Amino acid sequence: MIQFRKILVPTDFSSASKQAIPYGCAMAKQHEAELVLCHVLEMPHYPTLFEGTAVVVPPLDESLRTQLATQLDELAAETSRDHGVACRALIRDGSPTQELLDCATDEQADLIVIATHGYTGLKHMLLGSTAEQIVRHASCPVLTIRADLG
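Going left to right, the sequence shown walks through residues 1235 to 1384 as my numbering numbers them.
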């Protein structure tokens, strides 16, 4: 029988990403697994006009990090209380796709539960899809949840 011990649920605090949490909780409860909520602080991108041009990135505002950490801790506590599962919060810095893949590896996650907006066409091309890249490159199974945005 397949046994999940640790389930990673990425969140960007959007209503779409929050829709994945009950699915992660249901799987965690069924398998007596730990749920890990992870938020990635994406560093701003500055396009350069010339190859080799150095771009100075301002340091991340620590008050923003503190605010997001508090919000994530509150979401983890609420999730644990409302769903009766062990839940922990993590914040990472960098590219969301790469950091979530690395987090799954570092945490030895057995499953990733991630919401997808379901964008197609131009929106998908312009916005990309973190969920799609996670599905393609994760070292563990991925359950995608189509967010109901209506």
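C-beta atoms are modelled at their ideal positions from N, C-alpha and C, and glycine is treated no differently.
The model shown is predicted, which means the values in this text are computed figures rather than measured ones.
- Ala1310 sits away from Arg1326, with the two beta carbons spaced by 8 Å or more.
- If you check the CB distance, Ile1241 and Leu1269 come in under 8 Å.
- For the 8 Å CB-CB criterion, Val1376 and Ala1254 do not form a contact.
- For Pro1256, the enclosing alpha helix (DSSP H) covers residues Ile1255 to His1265.
- The three-state reading of DSSP puts Asp1382 in coil, since its state is none of H, G, I, E or B.
- Per DSSP, Pro1244 is one residue of the beta strand (DSSP E) stretching across Lys1240 to Pro1244.
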